[in-house]
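To start, the structure under review is shown below, and the notes come after it.
In the UniProt record's numbering, the protein residues as written are 1 to 790.
This is the structure in structure tokens:
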């Protein structure tokens with residue numbers, strides 16, 4: 001039986017938890033609106049209302065109707081499409097509507113970070129997205145979305161199509177506002193020319209007043225409609241006791257309008273209607289162009305999600321929504337279709353175009369048991385796919401999420417810039433007031449104009465855009481290289497790396513190992529020796545283990561498996577101990593060790609030696625040479641034998657070789673290194689995971705283990721080492737462009753401020769200068785999207 005809302009009497013939806021303490025008891029509420037109203041009544045000391053009322057109140061409308069619909073986001077089936085869960089923690093990417101600068105992001109982060117249950121909230125002003133993590137046992141998603149809505153912003157789970165539709169709607173609104181401001185500016189400017197120059201001769205006072213009233217009529221829609229976004233942003237800031245970029249802008253416009261209206265009514269003083277209209281027009285032009293540029297920077301990752309089709313084909317040939325697919329469902333993927341979900345092939349042998357993930361245009365052959373990813377393109381054969389993950393947990397969704405996460409954190413210099421921008425607004429207001437006071441004493445007829453110019457010209461919009469736009473563009477460009485960023489410090493650290501540490505197998509070599517020869521040392525034949533080795537290696541995920549997969553036989557059972565990471569694997573076969581691995585682990589005798597060999601023993605007797613081949617990547621030598629030429633020291637750090645390691649190192653040109661290193665040895669090597677070293681580790685195996693986690697910057701090969709990829713700062717999806725060189729080049733360019741953006745924005749403000757205070761900057765020029773500085777910063781960042789890899 002449903003509970004009734006104590007405030008309005010309507011049924012309380014299931015799985016909601018809106019409560020207010022009233023008259024000593026905890027009362028259930030049906031929605032955030034009723035909860036807000038009831039809490040306000042209690043906080044205002046009017047709780048006696050509930051004692052004497054004769055009927056339930058009407059449903060609260062203090063909170064918009066859309067807010068009541070947020071409750072549906074708490075439904076588990078709805079959340080499956082966009083929420084990622086891990087035990088008690090949940091994470092979602094949100095699209096935000098209404099944020100315009102760093103102050104908006106700071107405001108949302110500040111409010112939510114102090115909310116019980118919120119683990120982390122990071123807002124990206126360049127993409128209008130946020131990454132929200134919360135404890136699902138302490139709070140609900142609808143409650144967190146409600147907080148954002150109460151701040152005056154709209155928030156909803158990110159969907160590429162919905163955000164694009166919202167973007168087009170916002171652009172349409174801006175065009176309407178821009179059109180009205182433009183038309184009003186033209187009309188008011190003509191009247192202003194007549195007033196100031198008196199082109200019709202000596203105007204009678206009646207005509208002057210008439211022109212002023214007409215100017216007021218044209219300027220009023222500009223103030224009430226075109227400039228509305230600036231007031232809304234300013235009010236949000238003031239309501240939350242912070243100072244955003246639009247506070248000085250709004251104050252300037254309101255002051256000018258009120259002063260002009262008073263002058264028109266009293267028929268005394270000057271009017272500034274043409275300045276108000278032109279001010280709004282130029283500001284809107286700047287914001288419009290800025291929105292377009294930021295949209296271009298943010299579009300790349302969002303477009304990936306569009307590759308996931310809306311419908312999938314069942315085995316019976318029916319069309320079903322992709323969002324309704326569950327783990328374990330089987331669907332048929334037809335030729336030329338994008339794959340609807342991450343899964344494994346259960347029938348068919350196909351070619352898959354994975355260029356959208358890896359940047360490699362050559363199709364990849366996939367067969368029974370292989371994993372394929374949502375959004376990749378099927379070739380000319382149909383196949384049956386078994387779904388293994390939801391859309392929220394798909395590879396593409398993780399890429400978009402990690403790219404967003406990488407963009408959300410900023411270099412230290414950018415964090416300082418945001419703090420400076422917030423305090424700079426306060427300084428602007430103080431300086432503007434002091435400027436008006438000074439000129440009122442010396443030149444009162446120009447005091448208002450000069451104060452207006454100070455308020456407008458120095459708004460630090462460009463300063464707040466300097467870093468997020470550059471990072472957004474650079475992260476998108478990294479995605480084009482087939483590099484997935486998992487941590488935010490990549491761009492900073494990549495520029496500083498002076499020591500490169502690389503694994504061998506699967507990194508400098510392809511990792512596509514094949515068994516080329518088998519030497520036998522007992523009466524066990526070659527076939528059984530390979531099957532025994534395959535049964536042991538089935539419990540590992542190293543590239544060498546994959547070489548034995550073709551020989552695996554389920555009838556050959558090895559149990560009591562123990563994995564000695566970095567050395568080998570042991571178990572029991574028919575009651576006897578069996579081992580496979582290095583000579584030292586299997587034979588306790590390293591003197592017999594040879595290059596490219598792995599050993600098998602049964603009951604402590606050597607029964608077989610397997611010789612394998614693993615070709616070196618064609619780009620490996622050039623890759624190492626270019627790092628060496630850049631002054632970066634290179635070390636080969638591998639768990640493989642000394643003979644194998646030195647053989648590869650000699651061919652590639654590496655002098656510093658550390659072989660037969662176990663995971664703890666690799667980590668110890670990092671810890672004992674030079675304190676001035678900024679290390680970058682590249683690896684792919686389980687034994688590389690501790691070192692990847694311990695390096696200043698770590699790169700996991702896309703074909704490596706999940707453990708390695710989870711420990712890395714970057715994942716190289718295409719396994720092409722040349723891409724890391726491109727990434728380093730891009731990081732250096734990103735650092736340079738961020739420095740240019742900050743230098744331009746700070747330089748502009750430091751130059752324009754004294755000129756504006758001195759009365760040398762007209763208000764209309766101040767508007768143009770402020771808008772132009774923001775556009776220059778964003779346009780400079782967009783250069784990163786045009787950089788072509790060599």
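Here a beta-carbon is modelled for each residue, glycine too, at the ideal position from N, C-alpha and C.
Go ahead and label residue i buried or exposed: buried means 16 or more other beta carbons lie within 10 angstroms of its beta carbon, across all protein chains shown.
{"i": "residue 86", "result": "exposed"}
{"i": "residue 437", "result": "exposed"}
{"i": "residue 638", "result": "buried"}
{"i": "residue 88", "result": "exposed"}
{"i": "residue 15", "result": "exposed"}
{"i": "residue 636", "result": "buried"}
{"i": "residue 468", "result": "buried"}
{"i": "residue 129", "result": "buried"}
{"i": "residue 271", "result": "buried"}
{"i": "residue 590", "result": "exposed"}
{"i": "residue 797", "result": "The question about residue 797 has no answer here: the residues shown for the chain are numbered 1 through 790."}
{"i": "residue 766", "result": "buried"}
{"i": "residue 354", "result": "buried"}
{"i": "residue 450", "result": "buried"}
{"i": "residue 238", "result": "exposed"}
{"i": "residue 460", "result": "buried"}
{"i": "residue 750", "result": "exposed"}
{"i": "residue 529", "result": "buried"}
{"i": "residue 778", "result": "buried"}
Take residue i as the anchor and find which of the options has the nearest alpha-carbon.
{"i": "residue 283", "options": "308, 262, 253, 269", "result": "253"}
{"i": "residue 497", "options": "529, 627, 578, 700", "result": "627"}
{"i": "residue 781", "options": "435, 753, 758, 730", "result": "730"}
{"i": "residue 583", "options": "251, 572, 642", "result": "642"}
{"i": "residue 322", "options": "309, 153, 328", "result": "309"}
{"i": "residue 503", "options": "592, 547, 691", "result": "691"}
{"i": "residue 541", "options": "525, 524, 563, 528", "result": "563"}
{"i": "residue 478", "options": "733, 772, 325", "result": "733"}
{"i": "residue 106", "options": "632, 724, 8, 423", "result": "423"}
{"i": "residue 426", "options": "232, 248, 634, 445", "result": "248"}
{"i": "residue 217", "options": "682, 226, 273, 339", "result": "273"}
{"i": "residue 138", "options": "74, 188, 170, 153", "result": "74"}
{"i": "residue 225", "options": "442, 570, 458, 280", "result": "280"}
{"i": "residue 581", "options": "592, 601, 389, 574", "result": "601"}
{"i": "residue 784", "options": "752, 671, 22, 472", "result": "472"}
Check for me: the beta strand (DSSP E) holding residue i runs from which residue to which?
{"i": "residue 549", "result": "Careful: residue 549 lies outside any beta strand (DSSP E) and carries neither H nor E."}
{"i": "residue 500", "result": "499-502"}
{"i": "residue 740", "result": "Counting along the chain, residue 740 falls outside any beta strand (DSSP E), though it belongs to the alpha helix (DSSP H) covering 722-757."}
{"i": "residue 559", "result": "559-564"}
{"i": "residue 612", "result": "605-613"}
{"i": "residue 635", "result": "633-637"}
{"i": "residue 29", "result": "25-29"}
{"i": "residue 332", "result": "330-333"}
{"i": "residue 483", "result": "483-485"}
Excluding sequence positions up to five away, which residues of its chain have a Cβ less than 6 Å from the Cβ of residue i?
{"i": "residue 199", "result": "The predicted model places residue 199 with a pLDDT of 48, which falls under 50 and marks its position as unreliable, so this point remains unresolved."}
{"i": "residue 522", "result": "607"}
{"i": "residue 64", "result": "Reliability fails at residue 64, whose pLDDT of 43 lies under 50, so the model's placement of it is uncertain and the value that follows must be treated cautiously. Closer than 6 Å at Cβ, skipping near neighbours: no residue."}
{"i": "residue 656", "result": "635"}
I'd like the list of long-range same chain contacts for residue i, defined as Cβ closer than 8 Å, with 5 residues on each side in sequence excluded.
{"i": "residue 381", "result": "335, 348, 349, 350, 351"}
The alpha helix (DSSP H) that contains residue i, what's its start and end?
{"i": "residue 386", "result": "Unbroken run through residue 386 is the beta strand (DSSP E), 383-387; no alpha helix (DSSP H)."}
{"i": "residue 578", "result": "First-last for residue 578: 576-581, but that is the beta strand (DSSP E), not the alpha helix (DSSP H)."}
{"i": "residue 232", "result": "228-239"}
{"i": "residue 516", "result": "Where residue 516 is concerned, there is no enclosing alpha helix (DSSP H), although the beta strand (DSSP E) it sits in stretches over 514-520."}
{"i": "residue 246", "result": "246-266"}
{"i": "residue 534", "result": "526-537"}
Quick one: residues in its chain with C-beta nearer than 7 Å to the C-beta of residue i, no 5 flanking neighbours on either side, listed in chain order?
{"i": "residue 263", "result": "269, 270, 271"}
{"i": "residue 609", "result": "519, 597, 599"}
{"i": "residue 191", "result": "211, 214, 215"}
{"i": "residue 676", "result": "none"}
{"i": "residue 120", "result": "133"}
{"i": "residue 209", "result": "267"}
Check whether the Cβ of residue i sits closer than 7 Å to any heavy atom of the ligand SAH, and report yes or no.
{"i": "residue 379", "result": "Among the ligands in the structure shown, none appear at all, so the ligand SAH cannot be discussed."}
Can you find a CB in chain C that lies within less than 8 Å of the CB of residue i?
{"i": "residue 331", "result": "Structure shown: chain C not included; a single protein chain is present."}
Quiz prompt | Three CB pairs or more closer than 8 Å across the segment 726-742 and the segment 503-512 | solution = No, because fewer than three Cβ pairs between the segment 726-742 and the segment 503-512 fall closer than 8 Å, the two stretches do not touch.
Exercise. Determine, using beta-carbon pairs with one atom in the segment 527-535 and one in the segment 549-559, whether at least three such pairs fall under 8 Å.
Key: At 8 Å Cβ cutoff, the stretches touch.
Quiz item: How about the segment 595-613 and the segment 481-494: do they share at least three Cβ pairs that are nearer than 8 Å?
Solution: No: fewer than three Cβ pairs fall under 8 Å.
Quiz item: Per the contact definition of three or more C-beta pairs closer than 8 Å, is the segment 90-98 in contact with the segment 150-159?
Solution: yes
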